[in-house]
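Asks:
Protein chains: 2
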Amino acid sequence: MQPNNTSAVICRNCALYQTARVLGLETPDCSSLNRIVLRNHPVRKNEVLYHEGEPFRYLYLIHSGSCISNATMLGNSHRVMGFYLPGEIAGIENIGQETCNHTTYALEKGSICQLDFAALEGTLSENELINVQKYLLGSAAHHARQLQWERSLTGLQTAEQQIAAFLMNIASRLDARGFPAHQFRLPMSREAIADYLGLAMETVIRTLKNLQSRNLIDIKAKNIEILDESRLNSLLAS
Amino acid sequence: MQPNNTSAVICRNCALYQTARVLGLETPDCSSLNRIVLRNHPVRKNEVLYHEGEPFRYLYLIHSGSCISNATMLGNSHRVMGFYLPGEIAGIENIGQETCNHTTYALEKGSICQLDFAALEGTLSENELINVQKYLLGSAAHHARQLQWERSLTGLQTAEQQIAAFLMNIASRLDARGFPAHQFRLPMSREAIADYLGLAMETVIRTLKNLQSRNLIDIKAKNIEILDESRLNSLLAS
DNA sequence: CGAGATGTTGACGACCCTCAAGTGCAGTGG
DNA sequence: CCACTGCACTTGAGGGTCGTCAACATCTCG
Chain A
0 MQPNNTSAVI
10 CRNCALYQTA
20 RVLGLETPDC
30 SSLNRIVLRN
40 HPVRKNEVLY
50 HEGEPFRYLY
60 LIHSGSCISN
70 ATMLGNSHRV
80 MGFYLPGEIA
90 GIENIGQETC
100 NHTTYALEKG
110 SICQLDFAAL
120 EGTLSENELI
130 NVQKYLLGSA
140 AHHARQLQWE
150 RSLTGLQTAE
160 QQIAAFLMNI
170 ASRLDARGFP
180 AHQFRLPMSR
190 EAIADYLGLA
200 METVIRTLKN
210 LQSRNLIDIK
220 AKNIEILDES
230 RLNSLLAS
Chain B
0 MQPNNTSAVI
10 CRNCALYQTA
20 RVLGLETPDC
30 SSLNRIVLRN
40 HPVRKNEVLY
50 HEGEPFRYLY
60 LIHSGSCISN
70 ATMLGNSHRV
80 MGFYLPGEIA
90 GIENIGQETC
100 NHTTYALEKG
110 SICQLDFAAL
120 EGTLSENELI
130 NVQKYLLGSA
140 AHHARQLQWE
150 RSLTGLQTAE
160 QQIAAFLMNI
170 ASRLDARGFP
180 AHQFRLPMSR
190 EAIADYLGLA
200 METVIRTLKN
210 LQSRNLIDIK
220 AKNIEILDES
230 RLNSLLAS
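Each protein sequence line maps, in turn, to chains A and B. Under numbering that gives the first Met the number 0, think of the first position of the first sequence as 0, with each following residue one higher. Under numbering that gives the first Met the number 0, think of the first position of the second sequence as 0, with each following residue one higher.
Laid out in structure tokens, this is it:
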């Protein structure tokens, strides 16, 4: 068997690598987590990670690809609750309750790590458990800050500001994991963006086109390039 | 000194009581937390718990009264980020970073418990620490779910739906801590509600008045009574 | 009691949603 | 290779909701 260099490199982009480091492992191959981690598992487009209402047990660390979360609202309508990009942890908001309250599935082909959260306690030493919990607590708090910031953007602002904020948000999250932040692919449909932001799909399209005509961004289908980050940012300062 | 019955009773309404239980204490007086907890500390109206940018160290468990969080946005404008009601934990979203990113102050006279988060690790036994971390992780995840739900309400809906959702949200949070959920006081100003929801203050006022004229709620100044919960809920199912 | 903060009401206009028609593109089968 | 079908996306016209502005009322507290 050849040395596991490739997955080691991939692992650096993902939250699991951080988790491994917290465990006191210096080797990035995460070997001593193998009992509770399903590593580098491929997922197909539209493959569901977890269903709304099913018992909560696993956290999913996105290696590559991206995911979308949907939830059922009052009146049985559905709503896009969020997106997970490479390196992020899907399912962390389920901690502390019996069942999952979103349905999360892959937007494109990719790979994930599956971490058996329920088995953490029985598997790790007390010291290891403290470190993993500390790490997850930090991640959950980070997630909450992220949501708080996003919540503060919706409603008050114009559609243009919301779209700009959405793009900057995706860019900064990609940047945080070492991916190119000025040229990337929006894996979700225009409709999903609209649903997520609470706008009409037509407004999303018109606004993107308008930003393009002013040379702030360049879009071709799902591929986006941020041409003038500072002007895009200054749109948010109202 | 007389037995500490009153604060023991108060303590049942607050997150600290839960924290004490996780620590394995059967007595609700939280006595063995005293080294890291400042208990039942009175706060005046407008008294600041923590400032944006100052080092993060404490969690604040609201005994009585309520708090509001503000944050500085791009362009030095300010925005209401959230409210904390009795029994909730202010500051939990700061975990994992060096500094606080909101300014949080009391909306009215009340009392709080201050928990020295930084000193948790050195003070508690490994087993106790695991339990406290587990509890805080659950609280942070709960907070994230709450924010996710709130985020999903803003933007898509009409002003009326947002106001209705806001009222139901406050009511359910009060209900969760054993307070009356159909008749309560809105401790924050109309302007703060508007800012929080991303609406104009005038819209908040007009919408509340409209709900009142349809006998869904009754308002006198800051005192609100929910007259028809089911119809109020059905507004959300669009 | 007076002054500033907070809350209320009305008129008008902009932004964005709705509805509807049309375009481009991917996958399928002939 | 080309129609065909379905879906995502695009574009246009019209109307409703809510923000802005301004005047006024009420509350709070020294």
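Cβ atoms here follow ideal geometry from the backbone N, Cα and C, with glycine treated the same way.
(1) Please name the residue in GLU125(A), LEU84(A), GLU120(A), GLN211(A) whose C-alpha comes closest to that of ALA175(A).
(2) Runs of 4 residues minimum, wholly inside the segment 43 to 121 of chain B: which ones carry the alpha helix (DSSP H) assignment?
(3) Looking at the structure shown, is GLU25(B) part of a helix, part of a strand, or coil, going by DSSP?
(4) Can you list, in chain order, the residues of its chain whose CB lies under 7 Å from that of LEU235(A), leaving out five sequence neighbours each side?
(5) Could you have a look at HIS181(B) and say whether DSSP puts it in helix, strand or coil?
(6) Starting from ASP194(A), follow the alpha helix (DSSP H) in both directions and report where the run begins and ends.
(7) Output, in sequence order along the chain, the residues in the segment 132 to 154 of chain B whose CB is closer than 7 Å to any CB in chain A.
(8) So which of CYS99(B), PHE178(B), LYS208(B) has the shortest CA-CA distance to GLY64(B)?
(9) Are the C-beta of LEU210(A) and some C-beta of chain B separated by less than 8 Å?
(10) Using a C-beta cutoff of 8 Å, does ALA236(A) count as contacting chain B?
(11) Determine the closest residue to ILE86(A) out of ASN209(A), MET200(A), ARG172(A), with distance taken between C-alpha atoms.
(12) How far does the beta strand (DSSP E) with ILE35(B) in it extend, from its first residue to its last?
(13) Taking the alpha carbon of ILE67(A) as the point to measure from, which residue in LEU119(A), VAL47(A), GLN145(A), ALA118(A) has its own alpha carbon closest?
(14) Which residues, taken in chain order from the segment 70 to 81 of chain A, show a beta carbon closer than 9 Å to some beta carbon of chain B?
(15) Who does ILE218(A) pair with in a DSSP beta bridge?
(16) Is the CB of GLU92(A) under 8 Å away from at least one CB in chain B?
(17) Across the segment 35 to 42 of chain B and the segment 111 to 123 of chain B, are there enough close Cβ pairs to call them in contact, namely three or more that are closer than 8 Å?
(18) Is the Cβ-Cβ distance between LEU196(B) and THR157(B) less than 8 Å?
(19) Which residues of the segment 176 to 201 of chain A have a Cβ closer than 9 Å to any Cβ of chain B? Give them in chain order.
(20) Along the segment 97 to 130 of chain B, where does the CB come closer than 9 Å to a CB of chain A? Name the residues.
(21) In chain order, what residues of the same chain have a beta carbon less than 7 Å from the beta carbon of ALA117(A), not counting five sequence neighbours either side?
(22) Using C-beta distances below 8 Å, list every residue in its chain close to GLU120(B), excluding the 5 sequence neighbours before and after it, in chain order.
(23) Whole angstroms is fine: what's the gap from ARG78(A)'s alpha carbon to ARG34(B)'s?
(24) Under 8 Å between the Cβ atoms of ALA139(B) and ASN93(A)?
(25) Can you list, in chain order, the residues of its chain with a C-beta nearer than 6 Å to that of LEU37(B)? Leave out the 5 residues immediately preceding and following it.
(26) Do PRO186(B) and LEU60(B) have their CB atoms nearer than 8 Å?
(27) Along chain B, which residues have their Cβ under 9 Å away from the Cβ of ASN232(A)?
(28) What are the boundary residues of the alpha helix (DSSP H) that includes ALA132(A)?
(29) Report the residue from GLU51(B), LEU226(B), LEU58(B) whose alpha carbon sits nearest the alpha carbon of LEU135(B).
(30) Taking all protein chains shown into account, do 16 or more other C-beta atoms lie within 10 angstroms of the C-beta of ARG144(A), making it buried, or fewer, making it exposed?
(31) Within 10 angstroms of its Cβ, does ILE149(B) collect 16 or more other Cβ (buried), or is it exposed?
(32) Look at the alpha carbon of ALA180(B) and the alpha carbon of LEU146(B), and state the distance between them as a whole number of angstroms.
(33) Who are PRO41(B)'s beta bridge partners in DSSP?
(34) As a quick exercise: from LEU215(A), THR102(A), GLU53(A), GLY74(A), pick the residue whose alpha carbon is nearest that of ARG230(A).
(35) Measuring only between beta-carbons, confirm whether GLY95(A) sits less than 8 Å from chain B.
(36) With DSSP as the reference, label ARG172(A) as helix, strand or coil.
Replies: Here's the rundown:
(1) What you label residue 175(A) is simply residue 176 of the first sequence in a count that begins at 1. The candidate whose alpha carbon is nearest that of ALA175(A) is LEU84(A).
(2) none
(3) To locate residue 25(B), count along the second sequence from 1; it is residue 26. Legend: pLDDT at GLU25(B) = 48, less than 50; position of this residue unreliable, value from coordinates given subsequently. For GLU25(B), the secondary structure class from DSSP, reduced to helix, strand or coil, is coil.
(4) For this step, residue 235(A) is matched to residue 236 along the first sequence. Only GLN160, ALA163, ALA164 meet the Cβ criterion.
(5) In the second sequence, counting from the first residue as 1, residue 181(B) sits at position 182. Under the three-state reduction of DSSP output, HIS181(B) falls in the coil class, being neither helix nor strand.
(6) For the purposes of this step, residue 194(A) is identified with residue 195 of the first sequence, where counting begins at 1. Its alpha helix (DSSP H) spans residues 189 to 196.
(7) GLN132, LYS133, LEU135, LEU136, GLY137, ALA139, ALA140, HIS141, HIS142, ALA143, ARG144, LEU146, GLN147, GLU149, ARG150, SER151, THR153, GLY154
(8) Numbered from its first residue, the second sequence carries residue 64(B) at position 65. Considering only alpha carbons, the answer is PHE178(B).
(9) By one-based count along the first sequence, residue 210(A) stands at place 211. Answer no: the Cβ-Cβ gap between LEU210(A) and chain B never drops below 8 Å.
(10) Locating residue 236(A) in the first sequence gives position 237, where the first residue counts as 1. With 8 Å as the cut-off, ALA236(A) counts as an interface residue toward chain B.
(11) On the first sequence, position 87 is the one that residue 86(A) refers to. Per the sequence presented here, residue 86(A) reads as Gly, with Ile not at that position. Selection ASN209(A), MET200(A), ARG172(A) evaluated against GLY86(A) yields ARG172(A) as nearest (Cα-Cα).
(12) In the second sequence, the residue the question calls residue 35(B) occupies position 36. Counting along the chain, ILE35(B) sits inside no beta strand (DSSP E), nor does DSSP assign it H or E at all.
(13) As a working mapping, residue 67(A) is identified with position 68 in the first sequence. Cα-wise, what sits closest to ILE67(A) is VAL47(A).
(14) ALA70, MET72, LEU73, GLY74, ASN75, SER76, ARG78, VAL79, MET80, GLY81
(15) Translated into positions along the first sequence, residue 218(A) becomes position 219. ILE218(A) pairs with ILE223(A).
(16) For this step, residue 92(A) is matched to residue 93 along the first sequence. Closer than 8 Å: yes.
(17) Segment contact: the segment 35 to 42 of chain B against the segment 111 to 123 of chain B, three or more CB-CB distances shorter than 8 Å; contact assigned.
(18) In the second sequence, the residue the question calls residue 196(B) occupies position 197. In the second sequence, the residue the question calls residue 157(B) occupies position 158. The Cβ atoms of LEU196(B) and THR157(B) do not sit closer than 8 Å to each other.
(19) Taking 9 Å as the Cβ-Cβ cut-off, the segment 176 to 201 of chain A approaches chain B at ASP194, TYR195, LEU196, GLY197, LEU198, given in chain order.
(20) ASN100, HIS101, GLU120, GLU125, ASN126, LEU128, ILE129
(21) Residue 117(A) sits at position 118 when you count from the first residue of the first sequence. Cβ neighbours of ALA117(A) beyond the five flanking positions: ARG56.
(22) As a position in the second sequence, residue 120(B) is number 121, starting the count at 1. For GLU120(B), where only same-chain residues beyond five positions count, the Cβ hits under 8 Å are LEU128.
(23) Taking the first residue of the first sequence as position 1, residue 78(A) is located at position 79. Taking the first residue of the second sequence as position 1, residue 34(B) is located at position 35. Looking at the two C-alpha atoms, the distance is approximately 46 Å.
(24) For the purposes of this step, residue 139(B) is taken as the residue at position 140 of the second sequence. For the purposes of this step, residue 93(A) is taken as the residue at position 94 of the first sequence. Against a cut-off of 8 Å, the Cβ pair of ASN93(A) and ALA139(B) comes out as no contact.
(25) The residue given as residue 37(B) occupies position 38 in the second sequence. Answer for LEU37(B): GLN113, listed in chain order.
(26) On the second sequence, position 187 is the one that residue 186(B) refers to. On the second sequence, position 61 is the one that residue 60(B) refers to. No; because the gap between Cβ atoms is not below 8 Å, this pair is not in contact.
(27) Taking the first sequence and counting its residues from 1, the one referred to as residue 232(A) is at position 233. Under the 9 Å cutoff, chain B gives LEU73.
(28) Along the first sequence, read from residue 1 onward, the residue named residue 132(A) stands at position 133. According to the sequence displayed, residue 132(A) carries Gln and not Ala. 125 to 152 is the extent of the alpha helix (DSSP H) around GLN132(A).
(29) Position 136 of the second sequence, counted from the first residue, corresponds to residue 135(B). For LEU135(B), the nearest C-alpha among the options comes from LEU58(B).
(30) Walking along the first sequence from the start, residue 144(A) turns up at place 145. Burial call: buried.
(31) Locating residue 149(B) in the second sequence gives position 150, counting from the first residue. First, the residue type needs correcting, since residue 149(B) is Glu and not Ile in the sequence shown. GLU149(B) should be labelled buried.
(32) Position 181 of the second sequence, counted from the first residue, corresponds to residue 180(B). Position 147 of the second sequence, counted from the first residue, corresponds to residue 146(B). When rounded, the distance between both Cα atoms is 20 Å.
(33) What you label residue 41(B) is simply residue 42 of the second sequence in a count that begins at 1. Looking at the DSSP assignment, PRO41(B) forms a beta bridge with SER110(B).
(34) Taking the first sequence and counting its residues from 1, one reaches residue 230(A) at position 231. Cα-wise, what sits closest to ARG230(A) is LEU215(A).
(35) For the purposes of this step, residue 95(A) is identified with residue 96 of the first sequence, where counting begins at 1. Under the Cβ criterion of 8 Å, GLY95(A) is counted among the residues facing chain B.
(36) Residue 172(A) sits at position 173 when you count from the first residue of the first sequence. Three-state result, ARG172(A): helix.
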